[in-house]
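The opening position of the sequence shown corresponds to residue 868 in our numbering, with each subsequent residue numbered one higher.
Just so you know, even glycine gets a beta-carbon here, dropped at the ideal spot from N, CA and C.
Just so it is clear, the structure is predicted and the values come from calculations on it, not from any experiment.
Take a look at the structure below.
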Amino acid sequence: MSSEPILLSAIALPILGAVGIGLVGRRYPNTREAITLLSAIGLAVLVWSLIPDVLAGSRPTVRLAEMFPGIALELRVEPLGMLFAALASLLWIVNSIYSIGYMRGNNERHQTRFYVCFAVALAGAMGVAFAGNLLTLFVFYEVLTFSTYPLVAHKGDAKSVASARVYLGVLLATSMALFLPAIIWTYHVAGTLDFKPGGILSGQLAGPAVGLLLALYVFGVGKAALMPVHRWLPAAMVAPTPVSALLHAVAVVKAGVFTITKVVLYVFGVDFLASTPSAGWLLYAAAFTIIAASLVALHQTNLKRLLAYSTIAQLSYVIMAVAILRPLSEIAAALHIVAHAFGKITLFFAAGCIYTVSKKTEIHQLRGIARRMPWTMAAFTIGALSMIGIPPTAGFVSKWYVLAGSFQAENYVAIATIIVSTLLNAAYFLPIVYIAWFQSETVPPANNHREAPRSMVIALVTTATLTLLFFLFNQTALDLASMLVEGRP
């Protein structure tokens, strides 16, 4: 099969899976979950089959429909999108395995709706990854927003519905009031919305207008959670853990930082931004978010809220890396999307396992829990070490490149931010590891709980293993990331 039909199939398969799941419904739960797994596996096979062609220089393109004169919905595979799509499709398989155990283990309602929306969200993520221009990216960005709203509101209680409204309100307000005007402005000055290596704005815009347009994009892409456009993320923590994993690791926030990275590389162009002083604020905004979110995480007592603020900080590593505007830091931005996904999905999986078995959600409740749930807490420890950036984990690889890019640029703000935030990461993760492994339970549990259902533990161990393996086997990701800076010194 040629690359173009594969590209179309990567969008269509999750949609067909969603239809199949909806038709089967709650009457046949085993069949419903089999369709989910087969769709996830099929998508990963399709997406990963594109990697050799992309590495060889091919850029498969499919024109879907002309929306406006000269502007079409178009899919096109380039290295950054290939990396994001490969990551999301791989983690959909693992998250599906985990979801089966979680949804059944907690007797969750509306499981069919959950799997349908999850599949549609993955179709949206594939569209974002393979978008050939800004219009296509915007359309699929909104598909991702609307398809994840029911997932955040999944429990249906007052708190979940209110939090889902915050989620939808912030993301829609930012995209419609800022992101869409930025796209229109770009078309007005550049005459095109296509993504182009080196950008499309050089010679078309100058002075303070560049910094203003950049701000419209950065804050318009609310999914990137750069402060102050971040409150939707902690609010969404009321959702079931598989949804939190989708938001933090598989699709949603990754779509945000992916979009900002793609806009910097293919709309503005690195050289153009580097020569424009009004764009320099982005690095400082990202550095502030990293430190501020880490300080907030340090004072959290609820495990999932701590992980949410950790995500806000980690996302800004990607933004700061690309804002350094050096080849090594751009490679770091792409690698950190992958490294953070492996580590953070492991942490959320662990939190979900703990909740499923013991209903514990507060950090102080985790004393001695590693003795009862050693697999869960071993995986949590690996994920935590990756967030800190300690070898041999994925987080060390990406942080190494961020630091190398910072030294390449002689950017001491970025260097100081990495050092301070790493210490803060250690300050809020290592105490959890310590109390879980080395302290005794103060109150024995009413039930003699052990590990979570097997499918959840399998998924958890898989992502923890990927977090370790990426330290050693990262060449494909590095090759794709390196293609972003080909030809640049």
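Ile-1249: not part of any beta strand (DSSP E); member of the alpha helix (DSSP H) spanning 1241 to 1255, first to last residue. Leu-910 and Ser-1111 have their C-alpha atoms roughly 21 Å apart.
At the C-beta level, Val-1264 and Asn-1341 come within 8 Å of one another.
Straight through space, the alpha carbons of Ala-1206 and Leu-1252 are spaced by roughly 12 Å. C-alpha of Tyr-1301 to C-alpha of Tyr-1054: approximately 54 Å in a straight line.
Counting C-beta atoms within 10 angstroms of its own C-beta, Tyr-1222 has 16 or more neighbours from the protein chains shown and is therefore classed as buried.
Distance from the CA atom of Ala-1326 to the CA atom of Asn-962, rounded to whole angstroms, is 7 Å. For Gly-889 against Thr-1015, the beta-carbon gap comes to about 17 Å, at or over 8 Å, which does not count as contact. When only Cα atoms are considered, Pro-1017 and Ala-1102 end up about 14 Å apart.
When the Cα atoms are used, Thr-1012 and Trp-1099 turn out to be separated by approximately 12 Å. When secondary structure is reduced to three states using DSSP, Thr-1329 falls in the helix class. C-alpha of Ala-939 to C-alpha of Phe-1305: approximately 59 Å in a straight line. Assignment of Phe-997 by DSSP, reduced to helix, strand and coil, places it in the coil class.
Judged by DSSP in its simplified three-state form, Thr-928 adopts strand. Taking the CA atoms as reference points, Arg-1317 sits about 13 Å from Leu-1233. Ranked by how close their Cα comes to the Cα of Gly-968, the residues Val-1224, Gly-1250 and Val-1287 have Val-1224 in first place. The three-state secondary structure of Met-934, taken from DSSP, is strand. Taking 8 Å as the cut-off, the beta carbon of Ile-960 is found no closer than this to the beta carbon of Ser-1322. At the C-beta level, Thr-1334 and Phe-1135 stay beyond 8 Å of one another. Cβ contact annotation for Cys-984 (same chain, cutoff 6 Å, sequence separation greater than five): Ser-1014, Pro-1017 and Leu-1018, in chain order. Val-1028 counts as exposed, since fewer than 16 other beta carbons sit within 10 angstroms of its beta carbon. By the neighbour-count definition (other C-beta atoms within 10 Å, threshold 16), Gly-1036 is an exposed residue. The criterion of a C-beta distance shorter than 8 Å is not satisfied by Ile-902 and Gly-924. In the DSSP secondary-structure assignment, Glu-900 is not bridged to any residue. DSSP places Lys-1121 inside the alpha helix (DSSP H), whose first and last residues are 1119 to 1130.
Looking at the DSSP output, Asp-1061 shares a beta bridge with Asn-1000. Residue pairing by DSSP places Arg-943 opposite Thr-928 in a beta bridge.
Looking at the DSSP output, Glu-1009 shares a beta bridge with no other residue. By the criterion of at least three beta-carbon pairs nearer than 8 Å, the stretch 1266 to 1284 is in contact with the stretch 1189 to 1203. Note on geometry: alpha-carbon atoms of Thr-1228 and Gly-1058 lie some 52 Å from one another. For Val-1006, there are no CB contacts under 6 Å within the same chain when 5 residues up- and downstream are skipped.
Between the stretch 1165 to 1179 and the stretch 1075 to 1088 there are fewer than three inter-stretch CB-CB distances shorter than 8 Å, so the stretches are not counted as touching. Around the C-beta of Asn-974, fewer than 16 other C-beta atoms lie within 10 Å, and the residue is accordingly described as exposed.
CA-to-CA, the gap between Gly-1065 and Lys-1129 works out to about 11 Å. As DSSP reads the structure, Glu-1277 sits in no beta bridge. Leu-1072 and Val-1056 do touch by the CB rule: their CB atoms are close to 5 Å apart, below 8 Å.
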